[in-house]
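Just so we're aligned, residue 120 is where the sequence shown starts under the numbering used here, counting upward by one.
We put the CB at the ideal spot given by N, CA and C, even for glycine.
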Amino acid sequence: MDASIMDGRDLSAGAVSAVRCIANPTKLARLVMEKKFAADMGIPEIPVEKLITERSKKHLEKEKLEKGAHKADCPKNSGTVGAVALDCKGNLAYATSTGGIVNKMVGRVGDSPCIGAGGYADNNVGAVSTTGHGESILKVNLARLALFHVEQGKTVDAAAELALNYMKSKLKGLGGLILVSKTGDWVAKWTSATMPWAAVKNGKLQAGIDLCDTKTMDLH
Ligand SMILES: NC(=O)C[C@H](N)C(=O)O
Numbered sequence: 120m121d122a123s124i125m126d127g128r129d130l131s132a133g134a135v136s137a138v139r140c141i142a143n144p145t146k147l148a149r150l151v152m153e154k155k156f157a158a159d160m161g162i163p164e165i166p167v168e169k170l171i172t173e174r175s176k177k178h179l180e181k182e183k184l185e186k187g188a189h190k191a192d193c194p195k196n197s198g199t200v201g202a203v204a205l206d207c208k209g210n211l212a213y214a215t216s217t218g219g220i221v222n223k224m225v226g227r228v229g230d231s232p233c234i235g236a237g238g239y240a241d242n243n244v245g246a247v248s249t250t251g252h253g254e255s256i257l258k259v260n261l262a263r264l265a266l267f268h269v270e271q272g273k274t275v276d277a278a279a280e281l282a283l284n285y286m287k288s289k290l291k292g293l294g295g296l297i298l299v300s301k302t303g304d305w306v307a308k309w310t311s312a313t314m315p316w317a318a319v320k321n322g323k324l325q326a327g328i329d330l331c332d333t334k335t336m337d338l339h
């Protein structure tokens with residue numbers, strides 16, 4: 120598993136890659152950011168079997184039969200989890216963790232532990248977490264690219280679209296991202312088939328899988 124995390128206050132960051140038997144790789148990435156280490160900090164390890172579901176076993180078998188060892192530009196969702204946050208003091212952060220792509224080469228390190236690709240946070244601009252085809256995300260530095268467009272004055276919606284479309288047109292790479300700007304504007308956008316997402320702002324929860332089926336709930 121791979122994971123990375125970043126604090127927008129001072130751009131401090133931590134990442135781990137190819138870790139095994141870790142239930143919450145984002146916590147481990149945070150300890151790296153804070154220069155502490157897993158064993159000393161009592162990060163729990165779990166048997167590898169606990170991280171393997173029947174569904175993912177079947178998925179892997181199917182991929183092996185259908186595609187051989189290498190799958191191109193649109194990974195099926197393999198448990199990538201991303202979060203971005205803006206607090207009341209204007210601090211921004213992101214975290215991304217993933218099991219990678221299904222049927223990946225042993226030892227492959229994807230985009231998720233790479234700052235700028237799997238995510239980015241800067242209090243002066245915004246925070247982004249990405250998902251999708253890691254090799255493409257790394258080549259275009261997707262998270263930083265989306266924030267670059269925000270810096271250039273684009274809306275969060277336009278910035279996300281420009282960054283994702285660039286990756287698609289240049290590399291045929293598909294994916295998605297969540298972005299929150301320093302002013303609290305947010306967007307969830309994807310070029311892959313679906314991307315389950317949720318957002319909370321001013322006590323209102325919105326969530327969906329496709330844009331057309333967004334659900335809204337009042338948290339008060
Ligand atoms: N579904 C994903 O987000 C996979 C991840 N970006 C990787 O390529 O490792």
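Determine, using beta carbons only, whether residue i and residue j come nearer to each other than 9 Å.
i    : j    : result
A204 : V299 : yes
G238 : A262 : yes
K287 : L296 : no
A246 : R149 : no
I165 : T145 : no
A202 : S248 : yes
V167 : C140 : yes
G292 : K258 : yes
D126 : A240 : yes
Based on Cα-Cα distance, which residue from the options lies nearest to residue i?
i    : options                   : result
D337 : I328, C331 and K320       : K320
G251 : E173, H339, S311 and D159 : S311
D329 : P315, K323, T302 and G322 : P315
M152 : A279, L290, H339 and A134 : A134
I234 : E185, A282, M224 and L264 : L264
G198 : L130, A142, G127 and T274 : A142
I162 : E182, V138, G219 and R128 : V138
K154 : L170, S131, K176 and R174 : S131
Kindly examine ligand 1 and report whether one of its heavy atoms sits closer than 8 Å to the Cβ of residue i.
i    : result
T114 : Lying before the first or after the last residue shown, residue 114 is absent from the chain, which here runs from 120 to 339.
S77  : The requested residue 77 does not occur in the structure, where the chain is confined to residues 120 to 339.
S231 : yes
G251 : yes
G235 : no
I328 : no
G219 : yes
E182 : no
T172 : no
K291 : no
If we count the other Cβ atoms within 10 Å of its Cβ and call it buried at 16 or more, is residue i buried or exposed?
i    : result
A191 : Below a pLDDT of 50, predicted positions are generally treated as unreliable, and A191, at 48, falls in that range; the measurement from the model is reported next regardless. So A191 ends up on the exposed side.
V306 : buried
N243 : exposed
M160 : exposed
I256 : buried
L266 : buried
L147 : buried
G294 : buried
Ligand 3 heavy atoms versus the CB of residue i: any closer than 8 Å?
i    : result
E254 : Inclusion of ligand 3 in the displayed structure is not the case, the ligand content consisting of ligand 1 alone.
- Query: If you pair each beta-carbon of the region 263 to 272 with each one of the region 220 to 231, do three or more pairs fall below 8 Å?
  - Reply: no
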